[in-house]
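Numbering (the numbering used here), first residue to last: 14 to 353.
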């Protein structure tokens, strides 16, 4: 019981801790399971126990493990404020920045005091939570991630001018911190070596849409074909710690297809595909798979794939006469609004 004494006729607790202080000092013991790796030993799981409070970031958890329990642990971290992008990893299976993740919040989110840490997917492992990002950097450099101004600007005969409207459009996409989380979660990167990846598209579009840049044609050749290789799974949208929405830049880049003189087969096929989808929805209010496939890939390809449709039991749907849905006019209005 706290000591109580009289002060100006009122009972006052002596040495009582303020409520805010009690909340601040709330502690919880957690178990951190780390997927370790070394070229000599291979991989193994290792557990560590420590107490954390409500302000403890996962980068602080790692620092304490390394300094207090196991100096052999390897990981990357620098700024501790979601600016440098160094501490990307999988936390409880989800790609996150360790510095932006609070340990106690994780225990509440997953209703467990156990937290798992793994290196990001896709990238080659170096040691423990450290991965080799060379492939990521190569993809970023392919899009020429800097402004190429005119000769007049370089010679000091003119100055850069950017209106506020353009600045607002570009600023969001300039916030990429090169953490690599979006690429590590991207299925298209895994399956298509020609796809540049969401981070490269976000950075590339930032300069493609900049009216001050002078290599627009070259940028279109680099970016537009790759943009049609995206599957729109929105994983990059979900994991980006800066809310950049890389998939939005990919969608915007696709719109530049109409400005290209020499289109690749990938671009032409992609345009046929989205036009076929839009037309079938306008016509019936439904996605008519057989018609979309035929219009996208042509009769020869459709015939060669008919066997697979028969095996999967989907061939019967091509013989069903589709009845348009009710209120088809409302669907047309929605689609017109989306196009605008």
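From the three backbone atoms N, C-alpha and C, an ideal C-beta is built for every residue, glycine too.
Since the structure is predicted, the reported quantities are computational estimates derived from the model, not experimental observations.
Classification of residue i by the beta-carbon crowding that lies within 10 angstroms, buried from 16 upward
i           : result
residue 272 : exposed
residue 287 : exposed
residue 141 : buried
residue 289 : buried
residue 114 : buried
residue 320 : exposed
residue 65  : buried
residue 186 : buried
residue 233 : buried
residue 109 : buried
residue 149 : buried
residue 80  : exposed
residue 227 : exposed
residue 153 : buried
residue 106 : exposed
residue 201 : buried
residue 203 : exposed
residue 347 : exposed
residue 300 : exposed
residue 236 : buried
residue 99  : buried
residue 167 : exposed
C-alpha gap between residue i and residue j, whole angstroms
i           : j           : result
residue 297 : residue 304 : 12 Å
residue 224 : residue 175 : 8 Å
residue 211 : residue 264 : 11 Å
residue 44  : residue 73  : 14 Å
residue 269 : residue 130 : 40 Å
residue 92  : residue 302 : 49 Å
residue 325 : residue 309 : 20 Å
residue 249 : residue 195 : 4 Å
residue 241 : residue 349 : 22 Å
residue 207 : residue 239 : 7 Å
residue 345 : residue 335 : 18 Å
residue 245 : residue 261 : 10 Å
residue 283 : residue 182 : 26 Å
residue 170 : residue 251 : 44 Å
residue 312 : residue 285 : 14 Å
residue 83  : residue 257 : 36 Å
residue 173 : residue 162 : 8 Å
residue 280 : residue 230 : 15 Å
residue 278 : residue 266 : 17 Å
residue 160 : residue 292 : 39 Å
residue 197 : residue 143 : 13 Å
residue 95  : residue 164 : 36 Å
residue 68  : residue 134 : 28 Å
residue 123 : residue 71  : 15 Å
residue 40  : residue 120 : 12 Å
residue 323 : residue 341 : 31 Å
residue 60  : residue 247 : 33 Å
residue 294 : residue 179 : 34 Å
residue 306 : residue 318 : 10 Å
Whether residue i touches residue j by CB criterion (8 Å)
i           : j           : result
residue 128 : residue 111 : no
residue 156 : residue 217 : yes
residue 199 : residue 255 : no
residue 126 : residue 42  : yes
residue 137 : residue 103 : no
residue 147 : residue 139 : no
residue 63  : residue 47  : no
residue 222 : residue 259 : no
residue 177 : residue 220 : no
Those residues which DSSP pairs with residue i across a bridge
i           : result
residue 59  : 47
residue 101 : 110
residue 131 : 103
residue 156 : Paired residue(s): none; residue 156 is not in a bridge.
residue 74  : DSSP lists no partner for residue 74.
residue 40  : 66
residue 115 : 70
residue 144 : 138
Cutoff 8 Å: residue i Cβ touching any chain B Cβ
i          : result
residue 82 : Absent here is chain B; the protein component of the structure consists of one chain.
Residue i: CB within 7 Å of a non-hydrogen atom of the ligand COA
i           : result
residue 122 : This structure does not include the ligand COA; it has no bound ligands of any sort.
Check your understanding: What are the uninterrupted segments assigned as alpha helix (DSSP H) that are 4 or more residues long and contained completely in the stretch 243-282, given in chain order?
Key -> 248-252, 259-267
Review point. What residue ranges within the stretch 191-234 form continuous alpha helix (DSSP H) runs of no fewer than 4 residues, ordered along the chain?
Key: 194-197, 200-204, 211-221
Check your understanding: Fully enclosed by the stretch 275-327, which alpha helix (DSSP H) runs are 4 residues long or longer?
Key -> 278-297, 302-317, 319-325
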